[in-house]
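In numbering that gives the first Met the number 0, the protein residues as written are 0 to 297. Heads up, the beta-carbon is just placed ideally off N, CA and C, and yes, glycines get one too. Here's the structure we're looking at; comments come further down.
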Amino acid sequence: MKHDFLNLVAHKVLVCDGAIGTLLQAHGLPAGACPEAWNIERPEIIRRIHTLYYQAGADIVETNTFGANRYRLGSHGFTRRVIDFNHTAARLACEVRPAGKLVAGSVGPTGEYPEPPGTASFKDFVAAFSNQIGALKDGGIDLVIIETMSDLGEIRAAIEAAKRVAPDLPLIASMTFEKRANKFVTMTGRSTTEMIDALAAEGVDIIGANCGTGMDQMIELIREFRDQTGLPLLSQANAGLPVWRAGKLYYDETPVERAAAVRQILGIGISIVGGCCGTTPDHIRTIRKEVDRFNTGH
Numbered sequence: 000m001k002h003d004f005l006n007l008v009a010h011k012v013l014v015c016d017g018a019i020g021t022l023l024q025a026h027g028l029p030a031g032a033c034p035e036a037w038n039i040e041r042p043e044i045i046r047r048i049h050t051l052y053y054q055a056g057a058d059i060v061e062t063n064t065f066g067a068n069r070y071r072l073g074s075h076g077f078t079r080r081v082i083d084f085n086h087t088a089a090r091l092a093c094e095v096r097p098a099g100k101l102v103a104g105s106v107g108p109t110g111e112y113p114e115p116p117g118t119a120s121f122k123d124f125v126a127a128f129s130n131q132i133g134a135l136k137d138g139g140i141d142l143v144i145i146e147t148m149s150d151l152g153e154i155r156a157a158i159e160a161a162k163r164v165a166p167d168l169p170l171i172a173s174m175t176f177e178k179r180a181n182k183f184v185t186m187t188g189r190s191t192t193e194m195i196d197a198l199a200a201e202g203v204d205i206i207g208a209n210c211g212t213g214m215d216q217m218i219e220l221i222r223e224f225r226d227q228t229g230l231p232l233l234s235q236a237n238a239g240l241p242v243w244r245a246g247k248l249y250y251d252e253t254p255v256e257r258a259a260a261v262r263q264i265l266g267i268g269i270s271i272v273g274g275c276c277g278t279t280p281d282h283i284r285t286i287r288k289e290v291d292r293f294n295t296g297h
């Protein structure tokens with residue numbers, strides 16, 4: 000499976016989906032509620048969201064499991080539901096997966112920091128991520144995407160877990176960066192060079208960047224990535240900066256604006272492109288059109 004996937008991305012650019020949380024909120028998920036609980040409570044909505052992204056042209060759809068580790072679920076009182084939530088999420092995405100399309104198991108940060116200065120040990124993190132990824136694999140996912148990471152110790156723990164419980168699945172490791180003093184760094188102050196070198200040494204299949212402020216900075220960031228590594232790259236930017244209106248969070252980037260930016264990022268050299276916070280099936284539809292033109296040379 001890993002060989003087939005890497006051969007695929009070596010020959011054409013793939014399209015990933017957009018935000019799940021944005022669509023969950025649009026379908027009525029209350030602020031502060033546990034998104035992953037809807038895998039059990041509202042499965043029809045989860046299936047619908049995945050279907051909308053596939054219909055918009057996504058080659059890869061991510062499971063609704065970004066926060067489905069025992070630390071984040073514990074904050075909602077669901078510590079004992081890790082296996083249930085992850086396995087069900089994978090199954091729901093696989094149920095609507097069209098022939099030739101893929102399901103990626105989404106693995107996000109725990110919200111904890113490794114010791115020191117945090118209280119969680121590396122071993123604790125590996126165990127938590129192993130439980131999550133193992134359940135996703137049993138549910139039928141095609142690949143693992145570790146995303147929105149900023150701490151090197153935590154992402155290494157997630158990678159080790161993936162290698163232990165899903166060694167045959169393709170592995171994507173994606174980080175989030177911010178710009179400080181004209182340099183891209185993670186929230187914990189790690190540079191792109193530090194993160195890329197470390198992830199390459201860990202043997203991940205694809206390195207990526209997601210979330211952040213929007214496509215303008217993502218273009219800069221991916222150019223910096225491309226200068227530092229020959230590994231396949233993934234890009235999933237937010238739909239611009241969020242703004243508050245009438246007590247709700249909005250993202251202002253339009254699908255037309257995303258299309259223009261995607262043309263630039265394709266020229267840099269990307270293997271998978273999709274969206275993060277604020278992006279919708281309309282954004283993915285425009286990305287699909289640009290990727291099709293690029294893949295066919297038009």
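Secondary structure in the segment 53 to 98: the alpha helix (DSSP H) runs of 4 residues or longer, each lying completely within the stretch, are 69 to 73, 81 to 94 in chain order.
The Cβ neighbour count for Glu153, taken over all protein chains shown within 10 Å, is at least 16; the residue is labelled buried.
Cβ-Cβ separation between Ile45 and Cys15: approximately 17 Å, too far for a contact (criterion under 8 Å). In this structure Glu43 is exposed. Its beta-carbon is surrounded by fewer than 16 other beta-carbon atoms within 10 angstroms. Rounded to the nearest angstrom, the gap between the Cα atoms of Leu151 and Arg71 is 19 Å. The beta carbon of Thr78 sits closer than 8 Å to those of Arg69, Leu72, all from its chain and outside the five residues before and after it, given in chain order.
A distance of 7 Å or more separates the beta carbons of Ser129 and Ala88.
For Ala98, the closest C-alpha among the options Thr109, Gln54, Phe65, Ser120 is that of Gln54. For Ala200, the uninterrupted alpha helix (DSSP H) segment begins and ends at 191 to 201.
Cβ contact annotation for Gly133 (same chain, cutoff 6 Å, sequence separation greater than five): Val164, in chain order. Looking at the DSSP output, Phe183 shares a beta bridge with Lys178. Rounded to the nearest whole angstrom, the CA to CA distance from Glu219 to Ala238 is 16 Å. Counted as a single uninterrupted DSSP element, the beta strand (DSSP E) harbouring Thr147 occupies residues 142 to 148. For Leu101, the enclosing beta strand (DSSP E) has its first and last residue at 101 to 106.
Going by C-alpha positions, Ala180 is about 12 Å away from Gly188. Per the coordinates, the alpha-carbon of Leu198 lies some 23 Å from the alpha-carbon of His10.
Pairing Gly277 with Thr64 gives a Cβ-Cβ distance that is not under 7 Å.
Inter-segment contact for the segment 193 to 208 and the segment 165 to 176 is present: three or more beta-carbon pairs are separated by less than 8 Å. Ranked by Cα distance from Met214, the first of Val12, Ala258, Ile158, Leu230 is Ala258. In the displayed model, Asn6 falls within a helix according to three-state DSSP.
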